[in-house]
Structures are given as structure tokens and as C-alpha cells.
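Note that full-length UniProt numbering gives residue 127 to position 127 of the sequence shown, counting from 1, and the numbers run on in steps of one.
Idealized CB from N, CA, C, for every residue including glycine.
Here the structure is a predicted model, which means the values were calculated and not measured.
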Amino acid sequence: MTGAEDEAWMRRAIELSRCCPQTDTAFSVGAVIVDAAGNEIANGYSRETDPHVHAEESALAKLPADDPRLSSATIYSTLEPCAKRRSRPLTCTNLILRAGIPRVVIAWREPDLFVSDVDGVETLRATGVTVDELLHLAAEARAVNAHLPGIG
1 MTGAEDEAWM
11 RRAIELSRCC
21 PQTDTAFSVG
31 AVIVDAAGNE
41 IANGYSRETD
51 PHVHAEESAL
61 AKLPADDPRL
71 SSATIYSTLE
81 PCAKRRSRPL
91 TCTNLILRAG
101 IPRVVIAWRE
111 PDLFVSDVDG
121 VETLRATGVT
131 VDELLHLAAE
141 ARAVNAHLPG
151 IG
């Protein structure tokens, strides 16, 4: 993917994050999974299907676990995938690793608001996943979460 393509997909994820039902206890996040040919194959957003579903989890749930496109896909997430979680047994980093997605693109790293010592990026990189950060889009991703304390 080119820088322009990455930016376009992240803007799509930011658009999805605006669909999240707002809450004071979780981030509003959007995610898009794109295959190697540059086609969107799934998307999701926080609280799309239940009050605890994360964006990456929602997007991955829309594809069969053995979908061969996942092994060369990129997942775009407006926020660093969680590596610690209170509401589910599997974190988003675990789900991404289980799916075999080799590349993750994020807009901003998760602040220590709900969970401390967040290390999703480090966890993914330690297992060989490429993680790229589009820091120039972090402000747009954060803006969707401006209702949260310390974010706005």
C-alpha cells in the first residue's frame, strides 16, 4: 500500500469510529480490513454488535477464521489494538495474531485512561507483525473521543 492508500483507509476507519454509540467508559474506534489487492473485506466499530465489542473484533467476526485473504491483509484501526482487556478473554492483539494478519496500521496509541501499560504495538511487533503509525491522523482519531476525560 502507498502512503496515500494508507491515509484513505485510515480516514475510512475514522469515519466508522463516528458510528460508535458514545460511552464514558470506552474509546470509540473504527477498523477496516483490506486485502492485498486493496479491497475492503470487512469493517467494524466499537459497540457495533454489543456494548463490549471492539472495532477490530467486530471486523474480524465478519470473516471466516480461515479466510485465506487474512494472511496478506492489513487492518486499519484508529486506536492501538488492545493487549489487555477486562470484558473478553481474547484481546484484539490476540485476535489479530490468531487471524494471521501481517500488517496493522494505527492512528494513535492508547492512552492510560482505562487500562494502564498498554503495549499492543509492542506485542504485535514482537511476533513479527508490521505496525505502522499514521501520527498525522492522530488528532482526527482522538477528536471522536473528545468526550472522554483528558482526551478532548
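By the DSSP assignment, the beta strand (DSSP E) with T123 in it spans what residues? Indexing the sequence shown from 1 puts residue 123 at position 123. Per DSSP, T123 belongs to no beta strand (DSSP E); it is in the alpha helix (DSSP H), 120-126.
So, is P68 buried or exposed, given that buried needs 16 or more other C-beta atoms within 10 angstroms? Within the sequence shown, the letter at position 68 stands for residue 68. Answer is exposed; the Cβ neighbour count stays below 16.
In whole angstroms, what is the alpha-carbon distance linking A99 and L70? The residue you call residue 99 lines up with position 99 of the sequence shown. The residue you call residue 70 lines up with position 70 of the sequence shown. Roughly 6 Å separates the two Cα atoms.
Hey, would you say S77 sits closer than 8 Å to V104, going by beta carbons? Here residue 77 refers to the residue found at position 77 of the sequence shown. Here residue 104 refers to the residue found at position 104 of the sequence shown. Contact: yes.
Could you check whether the segment 41-48 touches the segment 86-102, counting it as contact only if at least three pairs of C-beta atoms, one from each stretch, sit closer than 8 Å? no
Rounded straight-line distance, which links the Cα of I101 to that of D66: For the purposes of this step, residue 66 is taken as residue 66 along the sequence shown, with counting starting at 1. For the purposes of this step, residue 101 is taken as residue 101 along the sequence shown, with counting starting at 1. Using only the alpha carbons, I get a separation of about 11 Å.
DSSP state of E40, grouped into three classes? What you label residue 40 is simply residue 40 of the sequence shown in a count that begins at 1. Strand, per DSSP.
Give the single residue among T49, E48, A36, R142 whose Cα lies nearest to the Cα of R11. Here the question's residue 11 lines up with position 11 in the sequence shown. If we check each option's Cα against that of R11, R142 comes out closest.
Helix, strand or coil for I106 per DSSP? Your numbering for residue 106 matches position 106 in the sequence shown. It is a strand residue.
Are the beta-carbon atoms of W9 and V34 separated by less than 8 Å? Sequence index remark: in the sequence shown, residue 9 carries index 9 (1-based). Sequence index remark: in the sequence shown, residue 34 carries index 34 (1-based). In this structure, V34 lies closer than 8 Å to W9 by Cβ.
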